[in-house]
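These protein sequence lines are chains A and B, in that order. Take this note's numbering: the last position of the first sequence gets the number 458, and nothing is skipped along the way. Take this note's numbering: the last position of the second sequence gets the number 916, and nothing is skipped along the way. Ideal Cβ positions, reconstructed from N, Cα and C, are used throughout, including at glycine. To keep things clear, I will list the structure first and then write my remarks on it.
2 protein chains.
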Amino acid sequence: MDTVIDYINLNRDRYLDELKTFLAIPSISAIGEHAGDVRRCAEWCAAEMRRIGMEHVTLHETPGHPIVYGDWLGAPGAPTILFYGHYDVQPVDPLHLWDSPPFDATIRDGEIYARGSADDKGQVFMHFKAIEAHMQQNGKLPVNMKIIVEGEEEVGSKNLDDFIESHKDALGADVVVISDSPMFDRGIPSICYGLRGLIYFQIDLRGTKSDLHSGSFGGAVANPNMVLAQILSQLKDKSGRIKIPGFYDDVKALREEERAAWKKLPFNETRYRKDLGAPKLFGETGYSTLERVWARPTVEVNGILGGFTGDGAKTVIPAVSMAKVSMRLVPNQDPDRIAELFETYVKKIAPKTVEVKVTRMHGGKPWMTDFDNPFVQAAGRAIEKGFGKAPVFNREGGSIPVVATFQEILGLPSVLFGVGLPDENAHAPNEKLDLNNFHGGVIASAYLYDEIANTTTR
Amino acid sequence: MDTVIDYINLNRDRYLDELKTFLAIPSISAIGEHAGDVRRCAEWCAAEMRRIGMEHVTLHETPGHPIVYGDWLGAPGAPTILFYGHYDVQPVDPLHLWDSPPFDATIRDGEIYARGSADDKGQVFMHFKAIEAHMQQNGKLPVNMKIIVEGEEEVGSKNLDDFIESHKDALGADVVVISDSPMFDRGIPSICYGLRGLIYFQIDLRGTKSDLHSGSFGGAVANPNMVLAQILSQLKDKSGRIKIPGFYDDVKALREEERAAWKKLPFNETRYRKDLGAPKLFGETGYSTLERVWARPTVEVNGILGGFTGDGAKTVIPAVSMAKVSMRLVPNQDPDRIAELFETYVKKIAPKTVEVKVTRMHGGKPWMTDFDNPFVQAAGRAIEKGFGKAPVFNREGGSIPVVATFQEILGLPSVLFGVGLPDENAHAPNEKLDLNNFHGGVIASAYLYDEIANTTTR
Numbered sequence: 001m002d003t004v005i006d007y008i009n010l011n012r013d014r015y016l017d018e019l020k021t022f023l024a025i026p027s028i029s030a031i032g033e034h035a036g037d038v039r040r041c042a043e044w045c046a047a048e049m050r051r052i053g054m055e056h057v058t059l060h061e062t063p064g065h066p067i068v069y070g071d072w073l074g075a076p077g078a079p080t081i082l083f084y085g086h087y088d089v090q091p092v093d094p095l096h097l098w099d100s101p102p103f104d105a106t107i108r109d110g111e112i113y114a115r116g117s118a119d120d121k122g123q124v125f126m127h128f129k130a131i132e133a134h135m136q137q138n139g140k141l142p143v144n145m146k147i148i149v150e151g152e153e154e155v156g157s158k159n160l161d162d163f164i165e166s167h168k169d170a171l172g173a174d175v176v177v178i179s180d181s182p183m184f185d186r187g188i189p190s191i192c193y194g195l196r197g198l199i200y201f202q203i204d205l206r207g208t209k210s211d212l213h214s215g216s217f218g219g220a221v222a223n224p225n226m227v228l229a230q231i232l233s234q235l236k237d238k239s240g241r242i243k244i245p246g247f248y249d250d251v252k253a254l255r256e257e258e259r260a261a262w263k264k265l266p267f268n269e270t271r272y273r274k275d276l277g278a279p280k281l282f283g284e285t286g287y288s289t290l291e292r293v294w295a296r297p298t299v300e301v302n303g304i305l306g307g308f309t310g311d312g313a314k315t316v317i318p319a320v321s322m323a324k325v326s327m328r329l330v331p332n333q334d335p336d337r338i339a340e341l342f343e344t345y346v347k348k349i350a351p352k353t354v355e356v357k358v359t360r361m362h363g364g365k366p367w368m369t370d371f372d373n374p375f376v377q378a379a380g381r382a383i384e385k386g387f388g389k390a391p392v393f394n395r396e397g398g399s400i401p402v403v404a405t406f407q408e409i410l411g412l413p414s415v416l417f418g419v420g421l422p423d424e425n426a427h428a429p430n431e432k433l434d435l436n437n438f439h440g441g442v443i444a445s446a447y448l449y450d451e452i453a454n455t456t457t458r
Numbered sequence: 459m460d461t462v463i464d465y466i467n468l469n470r471d472r473y474l475d476e477l478k479t480f481l482a483i484p485s486i487s488a489i490g491e492h493a494g495d496v497r498r499c500a501e502w503c504a505a506e507m508r509r510i511g512m513e514h515v516t517l518h519e520t521p522g523h524p525i526v527y528g529d530w531l532g533a534p535g536a537p538t539i540l541f542y543g544h545y546d547v548q549p550v551d552p553l554h555l556w557d558s559p560p561f562d563a564t565i566r567d568g569e570i571y572a573r574g575s576a577d578d579k580g581q582v583f584m585h586f587k588a589i590e591a592h593m594q595q596n597g598k599l600p601v602n603m604k605i606i607v608e609g610e611e612e613v614g615s616k617n618l619d620d621f622i623e624s625h626k627d628a629l630g631a632d633v634v635v636i637s638d639s640p641m642f643d644r645g646i647p648s649i650c651y652g653l654r655g656l657i658y659f660q661i662d663l664r665g666t667k668s669d670l671h672s673g674s675f676g677g678a679v680a681n682p683n684m685v686l687a688q689i690l691s692q693l694k695d696k697s698g699r700i701k702i703p704g705f706y707d708d709v710k711a712l713r714e715e716e717r718a719a720w721k722k723l724p725f726n727e728t729r730y731r732k733d734l735g736a737p738k739l740f741g742e743t744g745y746s747t748l749e750r751v752w753a754r755p756t757v758e759v760n761g762i763l764g765g766f767t768g769d770g771a772k773t774v775i776p777a778v779s780m781a782k783v784s785m786r787l788v789p790n791q792d793p794d795r796i797a798e799l800f801e802t803y804v805k806k807i808a809p810k811t812v813e814v815k816v817t818r819m820h821g822g823k824p825w826m827t828d829f830d831n832p833f834v835q836a837a838g839r840a841i842e843k844g845f846g847k848a849p850v851f852n853r854e855g856g857s858i859p860v861v862a863t864f865q866e867i868l869g870l871p872s873v874l875f876g877v878g879l880p881d882e883n884a885h886a887p888n889e890k891l892d893l894n895n896f897h898g899g900v901i902a903s904a905y906l907y908d909e910i911a912n913t914t915t916r
C-alpha cells in the first residue's frame with residue numbers, strides 16, 4: 001500500500017486540477033436548459049472512468065439523465081464493492097450570494113469553493129483517484145469494483161430504482177460504498193451507520209368557493225388559515241412528542257451503548273445553538289440534541305401559505321390554505337404505515353367546516369446497519385489510516401433513500417464513507433470542500449478497498 | 459317634490475350616459491401609473507359639481523390624491539348635510555375574469571357592469587343627480603349641502619383625517635350622509651345603523667438565522683411554522699370564542715329588540731351557505747349568523763406564509779414565518795385597548811424558542827347610532843318613497859373608518875344610505891350596480907334632502 005499512498009501524495013496537485021475540470025460542468029439536473037451540460041458531465045465521468053482503468057463503461061439512458069456504469073472484475077475470489085455516487089448538482093441561485101462563480105472552482109483558506117465540490121462530485125472523484133492510484137502502482141485493485149454514478153440524485157433519483165431492479169444480477173456485490181455525507185465535525189472523521197427516512201405531504205384546505213371579505217363574513221364561516229393552524233398545532237405536543245396515534249409503535253429504542261457513545265462526542269450545545277442563531281433549542285423531552293436528530297422521529301411544517309401575504313393589509317378570509325408537512329422516520333417505522341396513520345389523524349381532527357385533501361409526495365425508508373458490522377469496522381480502519389484519527393460512529397438526521405433501495409432490491413449493506421463537513425453549504429451558496437479532507441479521503445478510500453479485501457477473507 | 463321626481467324619471471337615460479362617462483376614468487388610487495387618471499377624475503367631479511349648481515368647488519391638494527369639496531349654503535335656517543363619498547376605485551386584476559372591460563361600462567340584465575359602479579362612483583353620482591333635479595326644478599335645495607369626495611378611500615383614506623381636522627369649522631353640519639354600502643338584499647332596502655371596527659396586525663416569527671435542512675436539524679430546533687400554528691390556534695376556542703383575556707370586557711350586548719327584529723329578516727342560512735360554497739357554517743356558539751357578523755367581534759387569520767410553498771417538496775425548516783391577523787370589533791371595544799391585550803397575549807403564549815414581532819397596521823373604531831335617531835328615521839322614510847318599500851334596519855360586519863372620524867372630529871351622526879347589493883362584486887371582477895336601484899336611489903336621495911329638511915325643524 002505504501003507505493004499507492006506515495007502516488008496519491010505525489011499527484012495531489014494534479015488531482016485537484018482535474019477535480020476543477022469536473023466541477024466546471026454545470027450539471028444542474030433540476031433545470032431543463034442544463035440537460036446538455038448534464039449529459040456532457042456523464043460523458044466526462046465515463047471518459048475518466050475508462051482512463052483510470054474501469055471496464056465496460058457505458059452510459060445507460062433513462063427517461064431523464066443518463067446513469068454511468070463501469071466495473072473492474074479482475075479480483076476473482078475477492079469481495080465486490082458497489083460504489084454509488086452522483087454527478088448532478090443543485091441549482092445555484094441566489095447567485096449573488098456566491099463569493100466566487102459556482103462553476104469556476106476557487107481555492108480560499110484551504111477549501112475548494114464550487115457547486116458540487118462536496119455534494120457529490122468531490123467525493124466521487126476521491127474514489128476515482130484512489131482507484132487510479134491502485135491501478136497505476138499495482139495494475140489492479142484488491143477488490144472487484146462496480147460503479148454507478150447517476151445524474152438525478154438532486155431531483156429524487158426517479159429512474160434509479162428501475163435501473164437497479166432491471167440490472168439486479170449484474171449489480172451483485174458484497175457491500176455498497178457511498179461517499180455523499182459530511183463527517184461529524186472538522187477534524188472528527190466519522191462513519192455513519194444510520195439514516196432517518198422521510199415522508200412528505202401536502203395538506204390542502206378549502207373553506208368556501210372564493211375569498212371572502214373579512215368584514216362582511218368574518219365570524220360566520222370557518223377560516224381555512226385558522227383551521228390549518230389548529231390541525232398543525234395538534235401534530236406535536238408541548239414536550240415535542242408527536243400526537244399521531246400509533247406513531248411511535250415501531251420506533252426502535254436507542255441502545256444504551258449508542259447513548260453512552262454519543263454522550264462522549266465533542267458536541268457543544270451552546271455553540272450549536274449560537275451557530276444556528278436560535279434563541280433556545282427545542283426538541284423531544286428526555287433526549288439530547290444528537291439523539292433527537294439522529295435517532296428520534298420528527299414532524300416538520302416545511303411550508304404554509306394562505307390568503308394575503310404581501311406588504312400591507314388586506315381584509316380577506318381565504319378560500320384555501322396549504323401546508324407542506326414532512327416527517328423524518330427512524331428504524332423500524334414503515335413510511336406506508338405512518339402515512340396511513342397521518343392521513344387518518346388529519347382527517348379525524350379536521351372540522352367538518354372545510355374540505356381537506358392530503359397528498360402524499362416522495363419519501364424514503366429509514367436505514368440502519370449495526371455499527372459492529374465488519375464492513376463498517378473496515379471502513380473505520382480505513383478512515384483512521386487516511387486521517388490519522390479513529391472515526392466516531394454516528395447516525396444522520398437526513399435521508400439517503402438509495403441506501404434503503406440497495407438493502408431492499410440487492411440485499412446489500414451500505415457503508416457511508418463521507419468526508420464533507422457540516423458547514424459545507426451543500427444546497428446553498430458557497431458550497432465547499434476542505435482540501436485536506438479531499439486528500440485524506442483519497443488515501444482513506446485507497447485503504448478502504450484494501451481493508452474490504454481483507455474483511456471477507458476473514 | 460312631484461316635479462323633482464318627474465325630472466328624475468324624464469332624465470333617466472341621460473343620467474345613465476353621464477354615469478358611464480364617470481365610470482370610464484380609471485381612477486385606481488392604489489396604482490402609481492394611474493395618478494393622472496385619479497386627478498382627471500377629481501377634475502371631472504369638480505366640473506360636474508359646478509354644473510349641477512354646487513358652489514365653492516375646489517380641489518384640495520393632499521400628499522396623495524386630491525379631495526374635491528363643494529357646497530351650497532342657500533337654505534339659511536335649514537339643516538346642513540355633509541355628504542361624503544369617494545371617486546377612486548379598486549384595481550381591476552385579475553382582468554381576464556371580467557366579462558366586459560372594467561372601464562367601458564356595459565349594461566346586461568338590468569345591471570351596469572364597471573369598476574366603481576357600486577363602489578362608489580354610482581352611489582356618489584346618484585346624489586349629484588338628485589341635487590341636479592332639485593336645482594333644475596326649484597332653483598334651490600331644501601337643505602344646505604357640503605360635499606366631500608375623496609380619492610384615497612381604497613388606500614385607507616390616509617389624508618382625509620388631516621383635511622377634516624384642519625377644516626373642522628368649515629365642515630360643520632347636522633348630519634353626515636354616506637352612500638357606500640349595499641342594501642340588505644335584492645328588493646329589501648335597508649338603513650345601516652352600525653359597523654364593526656377593525657385592527658390589523660402582522661406577526662413575524664424568527665427561529666434561526668437561516669433556513670435549515672429538515673433532515674439535519676429536524677427535531678432539534680423549534681419550527682417557526684409550527685410555533686405560528688400553535689399561537690394562531692390559541693386565539694379562538696372550538697366554540698368560536700376568542701381566547702384573548704379581557705377581549706369581551708367592553709362588548710355591548712345585543713339588545714333584545716335587535717335580536718327580535720333580525721330574526722324576522724328574510725335570511726336563509728342554507729342558501730347563504732350554498733352561495734358561499736361552505737361545507738358547514740361556523741361561528742360563535744349562541745349567536746345566529748347575522749348576529750355573528752353584525753354584532754359580535756371576530757378574529758381572522760388573513761394570511762400565513764412560511765418556508766417552501768412552491769410545487770413539489772423541499773425539506774426545509776424555515777428561518778421565519780408570518781401571519782396577518784385582524785379583528786373586527788364591535789361597540790364599545792376600543793382598538794387601542796384590544797391591540798394591547800392582543801400583543802400581550804401573543805407574547806405570553808409564544809414560546810422562548812422564537813423571536814416574536816407584532817406590528818400593528820391600520821384600523822378603525824366600531825360605530826353605532828340608535829336606529830330611532832331622527833335622521834336615521836328620515837332616511838328610512840326617504841328609502842320607502844324611493845323604493846316603494848319600508849327599509850329594514852341592519853348593521854354591517856364591515857368597517858367604514860370615516861364614520862367614526864366624523865363622529866369624533868365633527869361630533870356628527872352618520873346616515874348610511876346605500877343602494878348596492880351584497881353580490882355587487884365591489885372589490886372583485888364584474889363589479890355591478892342594479893339600474894333600478896340606481897334610479898330608485900336618485901329618487902330616494904331627492905326625498906332624503908326633503909325629509910332631513912323637515913327633521914331638524916321638528
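Please list the partners that residue i has in chain A, where partner means a Cβ-to-Cβ separation under 9 angstroms.
i               : result
arginine 754(B) : Gly219
Can you tell me the Cα-Cα spacing of residue i and residue j, whole angstroms?
i                 : j                 : result
leucine 657(B)    : tryptophan 262(A) : According to the sequence provided, residue 657(B) is isoleucine. The question's leucine does not apply to it. Each residue's alpha carbon lies about 51 angstroms from the other.
glutamate 798(B)  : arginine 196(A)   : 44 angstroms
threonine 728(B)  : serine 857(B)     : 26 angstroms
glutamate 513(B)  : aspartate 529(B)  : 5 angstroms
glycine 741(B)    : alanine 222(A)    : 7 angstroms
lysine 129(A)     : isoleucine 52(A)  : 8 angstroms
methionine 226(A) : alanine 500(B)    : 41 angstroms
lysine 537(A)     : glycine 246(A)    : Residue 537(A) lies beyond the range of chain A shown here (1 to 458); nothing can be said about it.
tyrosine 193(A)   : proline 182(A)    : 13 angstroms
tyrosine 907(B)   : lysine 314(A)     : 36 angstroms
Once DSSP output is grouped into helix, strand and coil, what is the label at residue i?
i                    : result
leucine 629(B)       : coil
phenylalanine 621(B) : helix
phenylalanine 83(A)  : strand
glutamate 152(A)     : coil
alanine 503(A)       : Shown here, chain A extends from 1 to 458; a query on residue 503(A) therefore has no answer.
threonine 285(A)     : coil
methionine 327(A)    : strand
threonine 3(A)       : helix
histidine 427(A)     : coil
phenylalanine 438(A) : helix
glutamate 132(A)     : helix
For a contact defined as C-beta to C-beta under 7 angstroms, what are the partners of residue i on chain A?
i                 : result
methionine 684(B) : Leu232, Lys236 and Val301
isoleucine 775(B) : Glu300
With distances taken from CA atoms, which of the options is nearest residue i?
i                    : options                                       : result
tyrosine 527(B)      : His625(B), Met584(B) and Gln594(B)            : His625(B)
phenylalanine 393(A) : Ala118(A), Leu265(A), Ser117(A) and Gly207(A) : Leu265(A)
leucine 553(B)       : Asp567(B), Ala536(B), Asp662(B) and Arg573(B) : Arg573(B)
valine 176(A)        : Gly194(A), Arg255(A), Lys432(A) and Ile81(A)  : Ile81(A)
glutamate 608(B)     : Val550(B), Thr516(B) and Gly846(B)            : Thr516(B)
asparagine 436(A)    : Tyr447(A), Glu408(A) and Gly388(A)            : Gly388(A)
lysine 843(B)        : Gly898(B), Asn888(B), Val861(B) and Lys810(B) : Gly898(B)
Residue i versus chain B: which residues are under 8 angstroms apart at the beta carbon?
i                : result
glutamate 461(A) : Nothing can be reported for residue 461(A), as the shown portion of chain A is limited to 1 through 458.
Could you list the residues in the region 349 to 370 of chain A with a C-beta less than 8 angstroms from some C-beta on chain B, going in chain order? Those would be Pro351, Lys352, Thr353, Val354, Glu355, Met361 and His362, in chain order.
If contact means a Cβ-Cβ distance below 7 angstroms, which residues of the region 704 to 738 of chain B contact chain A? Per Cβ criterion, the list reads Leu734, Gly735, Ala736, Pro737 and Lys738.
Contact list for the region 385 to 398 of chain A against chain B, Cβ threshold 9 angstroms: For the region 385 to 398 of chain A, residues whose beta-carbon sits nearer than 9 angstroms to a beta-carbon of chain B comprise Glu396, Gly397 and Gly398.
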